[in-house]
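S.K.:
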Amino acid sequence: MSFLRKLLLPFSIIYWLITALRNLLYNNGIFKSYAFPLPIIAIGNLSTGGTGKTPQTEYLIRLLADKYKIATLSRGYKRKSKGFVLAGSDSNADILGDEPYQFYSKFSTISVAVDADRKNGIEQLLSKTNPDVILLDDAYQHRRVKAGFYILLTAYGDIYADDYILPAGNLRESRSGAERAGAIIVTKCPPDLSIQAQNSIINKLKPQPGQKVYFTSIEYDSAVHNSTTSLMVSNIKTQEKILVAGIAKPQPFFNYLKGSNDTIKEYADHHDFTAAEIEELKTLAQSKIIVTTEKDYMRLEGKLPQDKLFYLPIKSRFLANADVFDATILEFVKTSF
4 MSFLRKLLLP FSIIYWLITA LRNLLYNNGI FKSYAFPLPI IAIGNLSTGG
54 TGKTPQTEYL IRLLADKYKI ATLSRGYKRK SKGFVLAGSD SNADILGDEP
104 YQFYSKFSTI SVAVDADRKN GIEQLLSKTN PDVILLDDAY QHRRVKAGFY
154 ILLTAYGDIY ADDYILPAGN LRESRSGAER AGAIIVTKCP PDLSIQAQNS
204 IINKLKPQPG QKVYFTSIEY DSAVHNSTTS LMVSNIKTQE KILVAGIAKP
254 QPFFNYLKGS NDTIKEYADH HDFTAAEIEE LKTLAQSKII VTTEKDYMRL
304 EGKLPQDKLF YLPIKSRFLA NADVFDATIL EFVKTSF
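Per the working numbering, the very first residue in the sequence shown carries number 4; after that it's consecutive.
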């Protein structure tokens with residue numbers, strides 16, 4: 004821990020007391036949690052971001068969408084709209100936020116909604132689309148709604164067992180919050196992570212009886228895409244290009260694509276590109292292509308020349324026991340009706 008982080012430890016104690024009291028009030032029914040008569044799965048983390056919630060939510064959509072009527076509900080981080088919004092043909096990243104708009108753009112058979120008040124959002128979805136299953140994106144700390152199944156994500160190399168409460172660390176609540184999880188997924192692992200290394204992490208996490216720990220890696224697509232064209236990564240690897248990322252922990256994205264002469268443009272997570280930044284990217288890309296993340300593409304599409312802008316899709320891939328995880332989720336959904 005850095006010296007500055009150590010100085011912040013007294014404030015972490017205050018933060019811990021506040022979050023612990025809040026959880027205690029919910030656990031004892033003093034603050035009310037609302038349950039609903041359908042399967043609800045919450046995907047989230049204990050830390051402040053960068054754990055791969057979006058690819059994990061997409062994994063669940065792919066698992067369930069052929070069998071059930073699915074809806075996703077997010078708060079719509081950094082969107083410019085207010086209240087409940089159900090995605091439609093006039094939606095964009097400004098209205099929904101980049102991640103929900105990504106869900107809407109990729110999966111035509113599901114309902115996508117945003118609402119900071121998850122209880123109201125669920126009630127609106129039930130009245131407007133009547134889904135079979137609701138996936139709550141980034142809702143692990145949203146105690147006002149009681150999900151039937153919680154999936155807790157923690158990133159390899161930055162697991163919650165090694166972290167501290169804000170502001171000395173990056174945890175939104177105490178490590179004991181992990182006890183609510185039905186499954187714990189260690190994300191962004193090296194694809195060849197050994198069983199010995201996996202067991203070492205499990206020992207650190209100390210899962211509760213019945214809690215299963217899974218390990219996933221990020222699987223990058225072999226091509227970059229836009230609405231009309233795809234280019235093989237192997238063909239553009241040595242081509243001089245602009246790489247743009249406004250996500251948490253973008254280094255693996257850069258490492259996968261970059262060549263020796265590439266221009267790297269890194270921004271804060273969920274970055275709202277200014278007019279000046281768009282003009283800068285246009286100037287840089289006069290004789291080059293721009294490759295960005297799928298989330299950033301949702302914000303940049305239509306603002307840069309279509310033939311210059313491409314995105315790299317990613318997926319969550321289980322290192323082992325994907326069949327066990329799938330069966331657990333399917334059984335939960337089946338028995339929750």
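In this text, a Cβ means the ideal position worked out from N, Cα and C, and glycines have one as well. This structure is a prediction, so every number in the text was calculated from the model and none was measured.
(1) Determine the burial state of residue 198: buried for a count of at least 16 other Cβ atoms within 10 Å of its Cβ, exposed for fewer.
(2) Can you round the beta-carbon distance between residue 149 and residue 230 to whole angstroms, since I take them to be within the 8 angstroms contact cut?
(3) Distance check for residue 97 and residue 306, CA to CA, integer angstroms please.
(4) Classify residue 212: buried if its beta carbon has 16 or more other beta carbons within 10 angstroms, exposed otherwise.
(5) Taking only the alpha-carbon atoms, compute the straight-line gap between residue 8 and residue 339 and give it to the nearest angstrom.
(6) Quick check on the burial criterion: 16 or more other C-beta atoms within 10 angstroms. Buried or exposed for residue 311?
(7) DSSP puts residue 320 in a beta bridge; with which residues?
(8) Considering residue 14, what are the terminal residues of the alpha helix (DSSP H) in which it resides?
(9) If you draw a straight line from the C-alpha of residue 324 to the C-alpha of residue 334, how long is it?
(10) For residue 234, tell me which candidate among 253, 260, 218 and 88 has the shortest Cα-Cα distance.
(11) Could you give the distance in angstroms between the alpha-carbon of residue 221 and the alpha-carbon of residue 47?
(12) Excluding the five sequence neighbours on either side, which residues of its own chain have a C-beta within less than 7 angstroms of the C-beta of residue 272, listed in chain order?
(13) Over the uninterrupted alpha helix (DSSP H) stretch that includes residue 124, give me the two end residues.
(14) Provide the residue(s) that pair with residue 304 in DSSP beta bridges, ordered along the chain.
(15) Tell me whether the stretch 181-188 and the stretch 125-136 touch, counting them as touching only if at least three CB pairs, one residue from each stretch, are closer than 8 angstroms.
(16) For a quick check, are the C-beta atoms of residue 87 and residue 116 less than 8 angstroms apart?
(17) Where DSSP assigns a beta bridge to residue 245, which residues make up the other side?
M.R.: In short:
(1) Flag for residue 198 reads exposed.
(2) The Cβ separation is near 40 angstroms, so there is no contact.
(3) Residue 306 and residue 97 have their C-alpha atoms roughly 13 angstroms apart.
(4) Under this definition residue 212 is an exposed residue.
(5) Distance between the alpha carbons of residue 8 and residue 339 is about 44 angstroms.
(6) So residue 311 counts as buried.
(7) Beta-bridge pairing links residue 320 to 220.
(8) Looking at the DSSP string, the run of the alpha helix (DSSP H) that includes residue 14 is 12-30.
(9) Each residue's alpha carbon lies about 15 angstroms from the other.
(10) Among 253, 260, 218 and 88, the Cα nearest to that of residue 234 is on 260.
(11) Near 17 angstroms, if we compare the C-alpha coordinates of residue 47 and residue 221.
(12) Setting aside the 5 residues that flank it on each side, residue 272 is surrounded in the same chain by 52, 249, 250 and 251, each with a C-beta closer than 7 angstroms to its C-beta; the list follows chain order.
(13) Looking at the DSSP string, the run of the alpha helix (DSSP H) that includes residue 124 is 121-131.
(14) Looking at the DSSP assignment, residue 304 forms a beta bridge with 307.
(15) Segments in contact, no.
(16) A contact, by the Cβ cut-off of 8 angstroms.
(17) Bridge partners of residue 245: 266 and 293.
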